[in-house]
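From first to last, the protein sequence lines stand for chains G and E. When you read off a place in the first sequence, starting at 1, and then add 5, the result is the number in the working numbering. When you read off a place in the second sequence, starting at 1, and then add 5, the result is the number in the working numbering.
Number of protein chains: 2
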Amino acid sequence: MVPARRPTVRQPRWHRRPNARPEEILAAAQVVFGEQGFARAKLEDVARRAGVSKGTLYLYFDSKETLFREMVRARIVPSVAAGEEFVRTYQGPARDLLVELVRRMWDTIRHPAMASITRLVQSELHNFPELARFYFDEVILRGRRLLQSVLDRGVASGEFRADLQRFACRGLPHMMVFSAQTQCFFHAMDPELLTDDQVLEGILDLFLRGVEARPVAGPVS
Amino acid sequence: MVPARRPTVRQPRWHRRPNARPEEILAAAQVVFGEQGFARAKLEDVARRAGVSKGTLYLYFDSKETLFREMVRARIVPSVAAGEEFVRTYQGPARDLLVELVRRMWDTIRHPAMASITRLVQSELHNFPELARFYFDEVILRGRRLLQSVLDRGVASGEFRADLQRFACRGLPHMMVFSAQTQCFFHAMDPELLTDDQVLEGILDLFLRGVEARPVAGPVS
DNA sequence: TATATCTTACTGACCGGTCAGTTACTTAAA
DNA sequence: TTTAAGTAACTGACCGGTCAGTAAGATATA
Numbered sequence: 006m007v008p009a010r011r012p013t014v015r016q017p018r019w020h021r022r023p024n025a026r027p028e029e030i031l032a033a034a035q036v037v038f039g040e041q042g043f044a045r046a047k048l049e050d051v052a053r054r055a056g057v058s059k060g061t062l063y064l065y066f067d068s069k070e071t072l073f074r075e076m077v078r079a080r081i082v083p084s085v086a087a088g089e090e091f092v093r094t095y096q097g098p099a100r101d102l103l104v105e106l107v108r109r110m111w112d113t114i115r116h117p118a119m120a121s122i123t124r125l126v127q128s129e130l131h132n133f134p135e136l137a138r139f140y141f142d143e144v145i146l147r148g149r150r151l152l153q154s155v156l157d158r159g160v161a162s163g164e165f166r167a168d169l170q171r172f173a174c175r176g177l178p179h180m181m182v183f184s185a186q187t188q189c190f191f192h193a194m195d196p197e198l199l200t201d202d203q204v205l206e207g208i209l210d211l212f213l214r215g216v217e218a219r220p221v222a223g224p225v226s
Numbered sequence: 006m007v008p009a010r011r012p013t014v015r016q017p018r019w020h021r022r023p024n025a026r027p028e029e030i031l032a033a034a035q036v037v038f039g040e041q042g043f044a045r046a047k048l049e050d051v052a053r054r055a056g057v058s059k060g061t062l063y064l065y066f067d068s069k070e071t072l073f074r075e076m077v078r079a080r081i082v083p084s085v086a087a088g089e090e091f092v093r094t095y096q097g098p099a100r101d102l103l104v105e106l107v108r109r110m111w112d113t114i115r116h117p118a119m120a121s122i123t124r125l126v127q128s129e130l131h132n133f134p135e136l137a138r139f140y141f142d143e144v145i146l147r148g149r150r151l152l153q154s155v156l157d158r159g160v161a162s163g164e165f166r167a168d169l170q171r172f173a174c175r176g177l178p179h180m181m182v183f184s185a186q187t188q189c190f191f192h193a194m195d196p197e198l199l200t201d202d203q204v205l206e207g208i209l210d211l212f213l214r215g216v217e218a219r220p221v222a223g224p225v226s
């Protein structure tokens, strides 16, 4: 009798997929860094989740730090660009634009994977000056300017208060990002849970009241 | 000639100060954890800053994790209690109470040492379920209820909108905490810096507009 | 079409540094 | 003299980063 080893069609233990690897590694890194934070995250875990060995990580990324930076960049920049594109092409009242922009921002940042990134960046900034610089310029500043442009439109059209403070374009994203983090991370222990939609409506309700020239009561949209 | 070594009055190399040590260690831990985050922080550094050796830490705290938890507890709970005491004893319009409470909260959380703690907690929650539970119950929930009670007073007196959303008592602290963190950590690289006072006025301006029944334009106080 | 040759994506054992926690000893001070 | 506060050398687990070796699979040749 012939032994059963060596089946007729041999399955390779791994495949060469140099084009797919970087994205897969970034996706794995997003999960592991998001769950563990930078310092606790083990590259061994990132590798396992990406379906490769630890050595392979180093074929595509110089170091743990580089991997972290590239992951943040790859995940965040497209969102900001999408927001800018939306505002650039929007036709209509500033109020509606603001409402829709806030909805889209909320839809982006309320997902745990995204909330993890904003939290990560916030907590690791101090250790990665280069990342901090990049994040501040390409995310915070661009986001702030984007929102300010929407507010400016509304002021020009008389929809928003002429005496808006410079803080307005910061307060909104601050409230949104932190609300998203709280929704994600305290979800399990909150006895007075709000749904994501309730939070969104609450944000819009407060902020519109805060900026509109002639606020009216009642539902937002 | 007599050699100069061994002066007549010998200074002890160290003193036994069992009552003072814990607080000194907590203070050192606040700085080091605040600067480095939990995982990067070295107990060696905490010990050096506290003026003791590493072994001494273990005379007063079971582990790195315990030290971290105790530090957060010791620094945060008094602030919450102070806010509660202030609201409990306040006589006057709800609007003034709200303004003054926000001022005091801002005065507390805008300091880097405090902003570091809120950031720390946010980023380490996942790794310390016990701390998360404690923080949520003793800080977030208590803070939320405190603010809600102020809002309720205003609604009852007709100063605030009767249709306030449940989100209102969360949005304000979210905006404040995140604004404080941003003020602290991006201070160096922001080309459009606002002063702490400008941020406070901006927060009050937005939020009062958002909650008042008959908002009026103009400066806050 | 078959197979020999070659390139390179990929593996995984290993090394060296780091650091939380321990312990054997020292010393302040009651 | 006693004892508890404090020290500092030590241990062992852990993990980022390396590199010698392996095998997938492309290409050349018959």
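C-beta: ideal position from N, C-alpha, C; glycine also.
Pull up the distance between the alpha-carbon of residue i and that of residue j, whole angstroms please.
i	j	result
residue 133 of chain E	residue 159 of chain G	45 Å
residue 59 of chain E	residue 65 of chain E	11 Å
residue 69 of chain G	residue 48 of chain G	7 Å
residue 25 of chain G	residue 41 of chain G	24 Å
residue 1 of chain G	residue 89 of chain G	The shown model of chain G, from 6 to 226, leaves out residue 1 of chain G, and the question about it has no answer.
residue 114 of chain G	residue 184 of chain G	9 Å
residue 144 of chain E	residue 76 of chain E	14 Å
residue 116 of chain E	residue 129 of chain G	19 Å
residue 175 of chain E	residue 189 of chain G	14 Å
residue 218 of chain E	residue 168 of chain E	9 Å
residue 172 of chain G	residue 141 of chain G	17 Å
residue 181 of chain E	residue 208 of chain E	7 Å
residue 242 of chain G	residue 135 of chain G	Residue 242 of chain G falls outside the range modelled here, since chain G spans only 6 to 226, and no answer is possible.
residue 139 of chain G	residue 177 of chain G	21 Å
residue 215 of chain E	residue 170 of chain G	14 Å
residue 56 of chain G	residue 71 of chain G	20 Å
residue 30 of chain E	residue 202 of chain G	44 Å
residue 146 of chain E	residue 97 of chain G	40 Å
residue 205 of chain E	residue 211 of chain E	10 Å
residue 50 of chain E	residue 200 of chain E	33 Å
residue 67 of chain E	residue 121 of chain E	23 Å
residue 165 of chain G	residue 179 of chain G	20 Å
residue 196 of chain E	residue 131 of chain G	19 Å
residue 95 of chain G	residue 45 of chain E	46 Å
residue 110 of chain G	residue 22 of chain E	54 Å
residue 28 of chain E	residue 79 of chain E	9 Å
residue 73 of chain G	residue 126 of chain G	10 Å
residue 108 of chain G	residue 84 of chain G	13 Å
residue 191 of chain E	residue 149 of chain G	14 Å
DSSP on residue i, reduced to helix/strand/coil?
i	result
residue 19 of chain G	coil
residue 67 of chain G	coil
residue 47 of chain E	coil
residue 27 of chain E	helix
residue 58 of chain E	coil
residue 97 of chain G	coil
residue 115 of chain G	coil
Leaving out five residues on either side along the sequence, give the residues of the same chain with a beta carbon under 8 Å from the beta carbon of residue i.
i	result
residue 92 of chain E	102, 106, 151, 154, 155
Apart from the five residues on each side of it in sequence, which residues of its chain come closer than 6 Å, Cβ to Cβ, to residue i?
i	result
residue 124 of chain E	186
residue 16 of chain E	none
residue 81 of chain G	144
residue 19 of chain G	none
For the ligand NAP, is there any heavy atom lying closer than 6 Å to the beta carbon of residue i?
i	result
residue 213 of chain G	In the structure on display, the ligand NAP does not appear, and there are no ligands present to speak of.
Skipping 5 residues on each side, what residues in its chain have a beta carbon closer than 7 Å to that of residue i?
i	result
residue 118 of chain E	35, 39
residue 52 of chain E	58, 59, 61, 62
residue 54 of chain G	33, 36, 37
residue 137 of chain G	130
residue 194 of chain G	none
Quick check on the DSSP output: what are the complete beta strand (DSSP E) runs of length 3 or more inside the stretch 130–218 of chain E, in order along the chain?
Here no run is fully enclosed.
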